[in-house]
Amino acid sequence: MKILSLETSCDETAVAVISIENNTINVLAETVSSQIDIHTQYGGVVPEVAAREHVLSVLPTLKKTLIDANLLNNNIPDIDAIAVTSGPGLVTSLLVGVETARALSYAWQIPLVSLNHIEGHVAGAFINIDLSTVKFPLIALTVSGGHTMIILMTEFGRFEIIGETRDDAAGEAFDKAAKMMNVGYPGGPIISQLAEKAKPSKIKLPRPMIHSTDFDFSFSGLKTALLYELKKDNDWQNKIPEYCFEFQQAIVDVLVSKAIKAAKKYDARTIVLAGGVAANKTLRQSLNNTIIDKLPQTNFLMPELKYTTDNAAMIGAAAYFHAKQKAFTDWQKLKTDSNLKLV
Ligand code: KG4
Ligand code: ZN
172 MKILSLETSC DETAVAVISI ENNTINVLAE TVSSQIDIHT QYGGVVPEVA AREHVLSVLP
232 TLKKTLIDAN LLNNNIPDID AIAVTSGPGL VTSLLVGVET ARALSYAWQI PLVSLNHIEG
292 HVAGAFINID LSTVKFPLIA LTVSGGHTMI ILMTEFGRFE IIGETRDDAA GEAFDKAAKM
352 MNVGYPGGPI ISQLAEKAKP SKIKLPRPMI HSTDFDFSFS GLKTALLYEL KKDNDWQNKI
412 PEYCFEFQQA IVDVLVSKAI KAAKKYDART IVLAGGVAAN KTLRQSLNNT IIDKLPQTNF
472 LMPELKYTTD NAAMIGAAAY FHAKQKAFTD WQKLKTDSNL KLV
């Protein structure tokens, strides 16, 4: 089976072609056209600007990917399904991918799969591995700029949200903290790099909700705590790496603690770390070490780095489980939903 997938939910125009052989999802070609340089000027994603950029880049990105996959000739491409992110995300950005996918499906008479972006992030961990080795129940810690969730999966395509943030997402907290310290955008990778230069310090920030009995998160108080510490400290500009270190550590401690607690409660046989914040080295290492220490029988799956932040291969990977069951969406009924729920 071959799937062409499109992802335009935020600020990356991404297209991929995946193929499934021997129970393994392989990526035949993929392109991610990033708008980060444009949005950096504004310190965040400007929805109107993002949508216009998607309009400009969607067809060149599609064409390049089809050429790379050897699928562009005078015939209809040899693909079995077209997958597209229909939500959640910025509605004007989503529309560009959705309308492109709708037109292709109609013109080529190829069935459509409408995909949830979060489901895509989790599926990023299933690329390039033998799918029969994935054991359930599975706990997916999904951490991005828009979402922070703990998801329970009992099989591919079956989800239950068991915890989520009550306010800011973890990636959003990184981005806002970076803005506060004026170190650039996007905040996550910048804070993580600065943290590597930190010297030992007495700076202490809270670990919100780390001891709560549920699996929810809250990161807006942490951001405010950082703001108060910076205001109190006349010399904070000379201690930016130390503030970054403690801020990152606070987020990592809470995420790891809740993921482990959830895995214990649900007897998880696999833990997946997914979403843009899964690119964070400290988070990857800390979760890995804690699993080895506390849950040595549990497998740990992380996407390759390029499949942590937004990309289209992960959307194609998630679509495979729908296409396999012929769960297609009529091209006339395909809709964007900026608040699309996972379940
Ligand atoms: O999944 P993603 O590409 O887009 C959304 O669906 O939101 O995630 C983007 C988020 C941003 O908030 C960015 O700061 C964060 O992921 N991020 C990181 C790192 N790389 C990206 N956060 C922490 N450490 C990183 N290395
Ligand atoms: Zn994302």
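Take 172 as the starting number for the sequence shown in my numbering and just add one per residue.
Even glycine gets a Cβ: it sits at the ideal position worked out from N, Cα and C.
Given the structure is predicted, the values throughout are model-derived calculations rather than measurements.
Cβ shell of residue i (< 7 Å), same chain only, five flanking positions each side left out
i    : result
I332 : M320, I322, L513, V514
L511 : S257, G258, P259, N287
S315 : H292, A340, G342, G446, G447, V448
A344 : F390, L393, K394, I422
V198 : A187, I189, I298, A484
V269 : V255, S257, L505, T507
N470 : K306, R440, T441
K370 : E413
A240 : V188, L199, A200
Burial state of residue i (16 or more Cβ within 10 Å)
i    : result
K394 : buried
A200 : buried
H292 : buried
K347 : buried
T227 : First, the amino acid is wrong: residue 227 is Leu here, not Thr. Flag for L227 reads exposed.
A445 : buried
S257 : buried
D451 : In the sequence as displayed, the identity of residue 451 is Asn instead of Asp. So N451 counts as buried.
K435 : exposed
T441 : buried
E192 : exposed
A498 : exposed
Q206 : buried
I300 : exposed
A278 : exposed
T304 : exposed
D481 : buried
Y437 : buried
T500 : buried
Q406 : Here residue 406 turns out to be Asp, not Gln, going by the sequence shown. Flag for D406 reads exposed.
E290 : buried
Host alpha helix (DSSP H) of residue i (start-end)
i    : result
E201 : Per DSSP, E201 belongs to no alpha helix (DSSP H); it is in the beta strand (DSSP E), 195-205.
N459 : 452-465
L237 : 218-239
V448 : Taken as a continuous stretch (DSSP letters only), V448 belongs to no alpha helix (DSSP H), as it is neither H nor E.
I411 : 411-436
I300 : Taken as a continuous stretch (DSSP letters only), I300 belongs to no alpha helix (DSSP H), as it is neither H nor E.
I486 : 484-495
Beta-carbon proximity list for residue i, same chain, < 8 Å, skipping 5 on both sides
i    : result
T263 : P218, E219, A221, A222
I118 : As displayed, the chain neither begins before 172 nor continues past 514, which places residue 118 out of reach and without an answer.
T133 : The question about residue 133 has no answer, for the chain in this structure spans 172 to 514.
N246 : none
S509 : G258, P259, G260, L261, V262, L265
Straight-line gap, residue i to residue j (C-alpha atoms, nearest Å)
i    : j    : result
T195 : A433 : 28 Å
P231 : A272 : 14 Å
L426 : F416 : 15 Å
E265 : D404 : A small correction: the amino acid at residue 265 is Leu; Glu does not occupy that position in the sequence shown. Approximately 42 Å, taken between the alpha carbons.
K580 : Y414 : The displayed coordinates of the chain run from 172 to 514. Any statement about residue 580 would go beyond what the structure contains.
L503 : L275 : At residue 503 the sequence reads Gln, which differs from the Leu that was named. Those two C-alpha atoms are separated by around 12 Å.
I296 : A439 : Per the sequence shown, residue 296 should be read as Ala rather than Ile. Each residue's alpha carbon lies about 16 Å from the other.
L312 : I431 : 10 Å
Q468 : E224 : 46 Å
D385 : R337 : 12 Å
R455 : K465 : 15 Å
H493 : V284 : 7 Å
M324 : T179 : 25 Å
G334 : L243 : 44 Å
E136 : I361 : Residue 136 lies beyond the stretch modelled for the chain, which goes from 172 to 514, so this question has no answer here.
L397 : T479 : 26 Å
P282 : A490 : 11 Å
Same chain only: Cβ atoms within 6 Å of residue i, ignoring 5 sequence neighbours per side
i    : result
L175 : V188, I250, I253
V186 : L177, T202, T232, L233, T236, A483
I381 : V425, S428
P357 : D346
L458 : V427, L444
Residue range of the unbroken beta strand (DSSP E) whose run includes residue i
i    : result
L309 : 309-314
L511 : Unbroken run through L511: none, as it is neither H nor E.
V284 : 283-287
V186 : 183-192
F499 : Element bounds for F499: n/a, residue is neither H nor E.
I174 : 173-178
L472 : 470-472
Proximity test, Cβ basis, 9 Å: residue i and chain B
i    : result
K506 : The question asks about chain B, but that chain is absent: this structure has only one protein chain.
Any non-hydrogen atom of the ligand ATP within 8 Å of residue i CB
i    : result
H225 : Summarising the ligand content, the structure contains the ligand KG4 and the ligand ZN and does not contain the ligand ATP.
Item to complete: Counting only runs of 4+ residues fully inside the segment 251-280, write out the alpha helix (DSSP H) ranges in chain order.
Response: Under the rule that a run must span 4 or more residues, the alpha helix (DSSP H) segments found entirely inside the segment 251-280 read 262-279.
Please give me, in chain order, every unbroken run of the alpha helix (DSSP H) with length at least 4 that falls completely inside the segment 317-402.
With a minimum length of 4 residues, the continuous alpha helix (DSSP H) runs that stay inside the segment 317-402 are 341-351, 358-366.
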